[in-house]
Structure formats: C-alpha cells, structure tokens
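For what it's worth, our numbering labels the leading residue of the sequence shown as 34, then goes sequentially.
Structure first, then comments.
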Amino acid sequence: YNTETAVTELKKIHNQSFVAASMQNGCGNLEMLVKYLGEARSLAARVITGFEIERPGAVRITVTADDIHVGGFSEGEVPESATTITEAINNAGLPCVTTPFIKRDLLAKLLYNCALNPLGAILGVHYGALGDNQYARLIMNNVIHEVFNVIEAMGERTHWDTAEEYQSYFYEKQIPSTYHHRSSMLQDIENGKRTEIDALTGYVSKQGRLHGILTPVCDTLSHLIRMKSL
C-alpha cells in the first residue's frame, strides 16, 4: 500500500543507475515503478513463500511452494538486471529464476491470493481450513471467476485458459502445498497493521469498474477487510 511513497523517495536519489524490484503481493506495483522510474529500472518478483515475523529482524519461513520468479515489464524479454538480482537471491539461499512472463506470474499469484487471503483473514484461519470447508469453497470459486473475468477484460492472460482449469490446480496442488500457512493479511490485522487489500481484491474491483465487469464478491471481501482494519 506504500509503493508510491517509497518509489517517489527512490526517484530523489541522485545516482540513477539503480534498479528497483517489487516483491509484493498483488498487482499494480510494477506499473507504479515504471511510472516513476521507467521500464529499464523496474522489475517485479513473484514470491510464493510464506513468512511469519517471530521478532524484530527475524522471520520464519513457513512454506515454499515454488521458486521466486523475477522479470521485467516487457513480456518476452529478460533484462540483465533481473539476472543479476536472481543470482544474488540464489546466493542468499532462496531458489530464484528469471522469467520473460512475470506479468502472467503476478496474475497467477493474484488469483491465489484473492481467493485465500481476505477470506482467511476475515475468518482467522489458515489456507487449509478454507479448502476443507464447502462453504468457503463456494466463496473462493466465485472470487476465482471474478478475477478471471477481469483478467480477460484487461486483455491479459495467465497460465490457465479457464477459471475451472485454475480451480483444479488451486485445490489439488496449491492449497495442499501451503495447507497450514496463515496469510500475511491475517497477520497484519492481528498486529494492527494496514493490509495490502487494495492490491488484491481491491485491485480486481477497480479494474472491474474500469472494464465494465461486476465483482460483487471481491467488493464485499474488500469492504470487510477495510472494516476489520479500522
């Protein structure tokens, strides 16, 4: 939620040779970097590793579902800076690869996070509890369809051709591999912090309005999270 504030401060740095990489949940952050810094100095990463803060300066990795993916704004290309950052992350012990399709990865993560994070934060449960509950599944299925409809209306694409195809992957692969994870959104609410809801279901609702797509479930989840964050 603080991307614009951070990147405007970065823009003030006199040495303009640096590259900025967004490693945040949700969508819209890479576009914000490009707006202020330009495409050549803007990267994004898809992180599907779960963390919990144990104390100031120390986090515990709770789950890793896949390697970190790093890429640039232009689809089909891998900037040299992405390779440099990927090597540094690998050297630090976190598996990381470059990708020429980071936007597709970010939209794939958007599907995952929108389905799980707000609902888990509202109910106070981990991902597995949502997957095990038939009523939670009905809500998550509606979210997945809304996100998919918005992605298509935006003229973008991800790694699945239909919402149903993604749902199979979501329930059979993703939830089992992150079963006990408690979302960062839930942790933020528990710690009295602001959430990233505007980059998740809030982003979907905003893009839905721009493209004439109704997103009633995403709208409701966003409002409930904002209410809990007051």
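Here a beta-carbon is modelled for each residue, glycine too, at the ideal position from N, C-alpha and C.
None of these values were measured; they are calculated from a predicted model.
Would you report the Cα separation of residue i and residue j, rounded to the nearest angstrom?
{"i": "lysine 206", "j": "tyrosine 69", "result": "37 Å"}
{"i": "glutamate 189", "j": "glutamine 49", "result": "31 Å"}
{"i": "asparagine 62", "j": "tyrosine 160", "result": "25 Å"}
{"i": "alanine 162", "j": "serine 216", "result": "12 Å"}
{"i": "proline 133", "j": "glycine 109", "result": "5 Å"}
Going by C-alpha distance, which of the options is nearest residue i?
{"i": "valine 113", "options": "Asn146, Tyr160 and Val52", "result": "This sequence places glutamate at residue 113; valine is not what is there. It is Val52 whose Cα lies nearest to the Cα of glutamate 113."}
{"i": "histidine 244", "options": "Asn58, Ser210, Asn224 and Phe181", "result": "Phe181"}
{"i": "glycine 126", "options": "Thr97, Thr234 and Met56", "result": "Thr97"}
{"i": "threonine 95", "options": "Ile222, Arg259 and Ser210", "result": "Ser210"}
{"i": "phenylalanine 203", "options": "Asn123, Tyr145 and Asn166", "result": "Tyr145"}
For residue i, which residues of its own chain have a beta-carbon under 7 Å away from its beta-carbon, when the five flanking residues on both sides are left out?
{"i": "glycine 157", "result": "Leu219"}
{"i": "aspartate 100", "result": "Pro128, Cys129 and Val130"}
{"i": "aspartate 231", "result": "Tyr34"}
{"i": "glutamate 197", "result": "none"}
{"i": "isoleucine 172", "result": "Leu152 and Val250"}
How far does the alpha helix (DSSP H) with residue i in it extend, from its first residue to its last?
{"i": "glycine 161", "result": "160-164"}
{"i": "cysteine 251", "result": "249-261"}
{"i": "tyrosine 212", "result": "Neither: tyrosine 212 is in no alpha helix (DSSP H) and is coded neither H nor E."}
Note down, in chain order, each residue of its chain lying with its Cβ closer than 6 Å to the Cβ of residue i, except the 5 sequence neighbours on either side.
{"i": "glutamate 72", "result": "Phe106"}
May I ask which residues mark the beginning and end of the beta strand (DSSP E) holding residue i?
{"i": "leucine 152", "result": "From DSSP, leucine 152 is part of no beta strand (DSSP E) but of the alpha helix (DSSP H) over 135-156."}
{"i": "arginine 79", "result": "75-79"}
{"i": "alanine 54", "result": "53-55"}
Could you pull the DSSP bridge partners for residue i from this structure?
{"i": "cysteine 129", "result": "Ile101"}
{"i": "phenylalanine 84", "result": "Ile94"}
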